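A.B. asks:
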Amino acid sequence: MASSTTLNYSLLSIPAYYIFSLAPHLYAGSLLSSSGYKVNNANPKASLSPSATQGKVPDEVFQKYQRAENAHSNNTEQMPLFAVAVLASLLAERVTATGVQRASVGHVDPTGLTTFIASWFAVRTAYNVAYVQIASHEYSFFRSTCWAIGTGLGAWQIYKAAALLGA
């Protein structure tokens with residue numbers, strides 16, 4: 017087994033994001049449980065569907081539950097963008113001259129991957145909190161802004177990797 021000094025933490029950010037993406041789903045389940053709703057584990061997806069839960073919990077809880085599940089769905093929809101951005105950056109750093117120098121020079125980050133990963137998690141955290149907590153149309157644009165920033169970060173990271181590979 018590799019020692020912690022040889023692990024590529026950037027690559028490990030991909031499964032970390034998968035685990036992170038589950039947080040709104042787990043929160044959604046806790047909302048239902050705290051309102052006395054019992055999930056049928058023999059068919060959990062059906063018992064967690066909107067038609068199965070609506071009317072069995074207070075409407076405010078149901079609305080927040082739906083927003084949490086939607087945040088979870090959006091996290092999984094964004095996972096390919098995040099994974100491609102990380103993998104493209106790692107590839108670009110490894111196969112270019114800059115990437116080869118990284119191994120010998122020390123901690124150089126030619127694509128800004130470390131900053132991207134930290135920014136992605138920060139923006140996605142803000143997005144998730146905003147999605148779950150904001151119920152008004154007026155303030156929901158903050159969530160949309162967070163989504164746009166996160167998507168832009170992913171696209172920009174892929175562009176930087178492509179530019180490095182194209183050099």
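In the numbering used here, the protein residues as written are 17 to 183.
Beta carbons: idealized from backbone N, C-alpha and C, even for Gly.
All figures in this text were calculated on a predicted structure; none of them were measured in a lab.
#1: Do residue 108 and residue 23 have their CB atoms nearer than 7 Å?
#2: Select from 32, 130, 141 the residue whose C-alpha is nearest the C-alpha of residue 87.
#3: Buried or exposed: residue 101, going by 16 or more other Cβ atoms within 10 Å of its Cβ?
#4: Apart from the five residues just before and just after residue 165, which ones in its own chain have a Cβ nearer than 7 Å to its Cβ?
#5: Give the secondary structure of residue 148 by DSSP, where H, G and I count as helix, E and B as strand, and everything else as coil.
#6: Between residue 128 and the rest of its own chain, which residues show a CB-CB distance below 6 Å, the 5 nearest in sequence each way excluded?
#7: What does a CB cutoff of less than 7 Å around residue 146 pick up in its chain, not counting 5 residues either side in sequence?
#8: Is the region 26-35 close to the region 57-68, with three or more CB pairs under 8 Å?
#9: Would you say residue 151 and residue 85 are within 7 Å of each other, going by their C-beta atoms?
#10: Can you tell me where the alpha helix (DSSP H) holding residue 187 begins and where it ends?
#11: Drop a sphere of 10 angstroms on the beta-carbon of residue 110, count the other beta-carbons inside from all chains shown, and report buried for 16 or more, exposed for fewer.
C.D. replies: Reading from the atomic positions:
#1: no
#2: Looking at 32, 130, 141, the one whose alpha-carbon comes closest to that of residue 87 is 141.
#3: buried
#4: Within the same chain, residue 165 has close Cβ partners 139.
#5: helix
#6: Taken in chain order, the list of residues that qualify is empty.
#7: If we look at residue 146 and ignore the five residues flanking it on each side, its Cβ neighbours are 158, 159, 162.
#8: no
#9: Cβ atoms of residue 151 and residue 85: not closer than 7 Å.
#10: Lying before the first or after the last residue shown, residue 187 is absent from the chain, which here runs from 17 to 183.
#11: exposed
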